[in-house]
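Single-structure report; data block below.
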DNA sequence: CGTCTATTTGAATGTACTCAAAAGCGGTGG
DNA sequence: CCACCGCTTTTGAGTACATTCAAATAGACG
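Chains as they are written, first to last, in the working numbering: chain A, 14 to 204; chain B, 14 to 204.
In structure tokens:
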């Protein structure tokens, strides 16, 4: 499955494929189990084979802010911590039982040396991520909470089945109470 | 100058350096001149040698939202338009007389083929950009307008000399009127 | 110096938050 | 199978944050 994911973006010989597979480490998580905790150095980029994860930041006041989520066929990490090898400021936790394939920082650097096509692969991945982040920033600065909610569920129709409302609210930058009002309002509008 | 910028991130032979230089096109802009307009396909990644540019989105209501700005030694483009070669949804305009070095999409793809180190270069650039965007998203969802303003001027102390307040406001996702109030408030706090 | 645009100020309004309490829902154990 | 517990969502009221509109002031440019 992950090979398919990679081969959609770059071409690899059989030997290169084997090389890639050899550095992957499988990791299984139970619901509510942490993958990364604030203060850890994030050692891995994790590819989600199965399950659902959430990354979030806890501020001084103890408020929880959802930065990202990841479903099947997505990658997740604290990218700041991973790339700079500094302590994470974010937590990553499984919301469902999950199976991940992980790439360690050192192994990845070695892989870049040995199979330069992976530079390309990650460049393409970062580009795609950058485009999505750009759109999210635009939404944040140009839309109301209600509009951002509509855009989010339009983009990820299954999200509400997998992530509790309070986390959707924190992803949107609004409070759970306000999200509840938005939902009441929009369900009334449909009728 | 741009070579220095590249060589800080990757190693290149003299021939590779020459190859890179050969695909660059110089472009000069006057203040208020557009580099990209909504509807164009963004053909170039542009490196800023000198000057200052702003990218913004104009919504249905005619409101202007500043997505990015770029000063010396930064790159700017409509990344969605450039990478996917689709019409731009954003405008890019020079706020000061500017000198750019541009890389065309086709040339860049060819460069990736001929000098794979540039895959690495752009991967690193995208990673750095991703980290910055991530932080901006966190600020957007976790801070008030006043806090975002303080964080922005702390990060870019010279920004207020180069970009009018109404654009700083739209970058922060607030109105110019409200930014003016924030500034009044914080100048009073200092005393 | 006059014109144009940007910023400031003030007042009224709307958007989103806080706090508190009630209702709903899911899991667990009796 | 049902009752209870803990946690999430909903509801309501009051408040704070941020916007709109309009007018006044300040700055920039020719």
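Ideal placement from N, C-alpha and C gives every residue a C-beta, glycine not left out.
For residue i, name the three-state secondary structure that DSSP assigns.
i             : result
residue 65/B  : coil
residue 135/B : helix
residue 162/B : helix
residue 100/A : strand
residue 31/A  : helix
residue 83/A  : strand
residue 144/B : helix
residue 16/A  : helix
residue 127/A : helix
residue 115/B : strand
residue 39/B  : strand
residue 183/A : helix
Is the beta carbon of residue i less than 8 Å from the beta carbon of residue j?
i             : j             : result
residue 65/B  : residue 175/B : yes
residue 165/B : residue 185/B : yes
residue 55/A  : residue 112/A : no
residue 98/A  : residue 38/A  : no
residue 72/A  : residue 155/B : yes
residue 143/B : residue 92/A  : yes
residue 60/B  : residue 15/B  : yes
residue 107/A : residue 45/A  : yes
residue 125/A : residue 21/B  : no
residue 78/A  : residue 192/B : no
residue 136/B : residue 136/A : yes
residue 129/A : residue 129/B : yes
residue 83/A  : residue 153/B : no
Can you tell me whether residue i is buried or exposed, with buried defined as 16 or more other CB within 10 angstroms of its CB?
i             : result
residue 167/A : exposed
residue 49/A  : buried
residue 80/B  : buried
residue 28/A  : exposed
residue 43/A  : exposed
residue 85/A  : exposed
residue 139/B : buried
residue 34/A  : exposed
residue 74/A  : exposed
residue 147/A : buried
residue 190/B : exposed
Give me, in chain order, the residues of the same chain whose beta-carbon lies closer than 7 Å to that of residue i; leave out the 5 immediate sequence neighbours on both sides.
i             : result
residue 120/A : 36
residue 118/B : 56, 95 and 98
residue 131/B : 124 and 125
Counting only the same chain and skipping the five closest in sequence on each side, list residues whose C-beta sits under 8 Å from that of residue i.
i             : result
residue 213/A : Limits of chain A in this structure are 14 at one end and 204 at the other, which puts residue 213/A out of reach.
residue 188/B : 182
residue 159/B : 195, 198 and 199
residue 53/A  : 94, 100 and 101
residue 163/A : 199
residue 17/B  : none
Which residues in the same chain have their Cβ closer than 6 Å to the Cβ of residue i, if we skip the five residues on either side of it in sequence?
i            : result
residue 58/A : 88, 90 and 116
residue 40/A : 113 and 115
message: Any C-beta of chain B within less than 7 Å: which residues of the segment 136–162 of chain A qualify?
response: 136, 139, 140, 142, 143, 144, 146, 147, 149, 150, 151, 153, 154 and 155
task: Give, in chain order, every residue of the segment 59–78 of chain A whose Cβ lies closer than 8 Å to some Cβ of chain B.
output: 70, 72, 76 and 78
- prompt: Closer than 9 Å, Cβ to any Cβ of chain A: which residues of the segment 170–197 of chain B, in chain order?
  reply: Listed in sequence order: 183, 184, 185, 186 and 187.
query: For the segment 18–33 of chain B, which residues have a CB atom closer than 8 Å to at least one CB atom of chain A, in sequence order?
result: Result list empty, no residue passes.
- prompt: For the segment 90–116 of chain A, which residues have a CB atom closer than 7 Å to at least one CB atom of chain B, in sequence order?
  reply: 92, 93 and 96
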